[in-house]
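In my numbering, each residue carries its 1-based index in the sequence shown increased by 14.
Using N, Cα and C, we set each Cβ at its ideal position, and we do this for glycine too.
Quick notes on the structure that follows.
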Amino acid sequence: MLTRARLLIATLWVGALWTVGFIVAPTLFATLADRALAGTIAGGLFRVIAWLSLVCAAVLFALLLREEKRTTRPLFYLIAGMVLCTLAGYFGLQPTMASLREVLHAGAAVNPEQLAQARKHFGILHGVSTGFYVIQSLLGAGLVLKIR
15 MLTRARLLIA TLWVGALWTV GFIVAPTLFA TLADRALAGT IAGGLFRVIA
65 WLSLVCAAVL FALLLREEKR TTRPLFYLIA GMVLCTLAGY FGLQPTMASL
115 REVLHAGAAV NPEQLAQARK HFGILHGVST GFYVIQSLLG AGLVLKIR
């Protein structure tokens, strides 16, 4: 019974990660002419995924505490890795990216050098954030397969 509950929660978590990150967000940017609007919607979805990640991780950790530690240790490490990716990628990088986004939206009110620097830094942080998201998604695949 606990294994089924863990599998259901992990599947919800990983399915949501994959759906938003690899289907919905790219579709928003591909179909909406207004990239700022696409980014705002995607950002809202990623916020929901970040909080969902923390809730699912907490529930999975609680379920793991009820079982023998030797058999659940790999699951613990996979979940912990996924949580670290969420903390670093969303809660760590996102506030700085939001500040840079404000500079980018100011556009003409900012001198061209500041605008270029903001674009560069935003691109770098977006790439790092994407890397954390991909790693989290791969760890999630491992989690679902390991629980099964």
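Report task. Out of His119, Leu118, Phe60, Cys70, point me to the one whose CA is closest to Phe90's CA. Result -> Cys70
Query raised in the report: Going along the chain, which residues of its own chain have a beta-carbon closer than 7 Å to the beta-carbon of Leu16, five neighbours each way excluded?
Result: Leu77, Arg80, Glu81
Report task. Could you work out which residue in Ile138, Val124, Leu66, Leu159 is closest to Ala30 when comparing CA atoms only? Result -> Leu66
Query - Residue closest to Ala102, alpha-carbon to alpha-carbon, out of Thr86, Leu114, Tyr147, Arg133 - result: Tyr147
Requested in this report: Give me the Cα-Cα distance between Met140 and Leu92, rounded to the nearest whole angstrom.
Outcome: The sequence given here has His at residue 140, not Met. Their backbone Cα atoms lie some 23 Å apart in a straight line.
Query raised in the report: In this structure, does DSSP put Val117 in helix, strand or coil?
Result: helix
Requested in this report: Could you pull out every unbroken beta strand (DSSP E) segment of at least 3 residues lying fully inside the segment 68-93, listed in chain order?
Outcome: none
**Report entry** Rounded C-alpha distance that separates Ala64 from Gly145
**Finding:** 15 Å
Query raised in the report: Does the beta-carbon of Gln128 have 16 or more other beta-carbons within 10 angstroms, so that it is buried, or is it exposed?
Result: exposed
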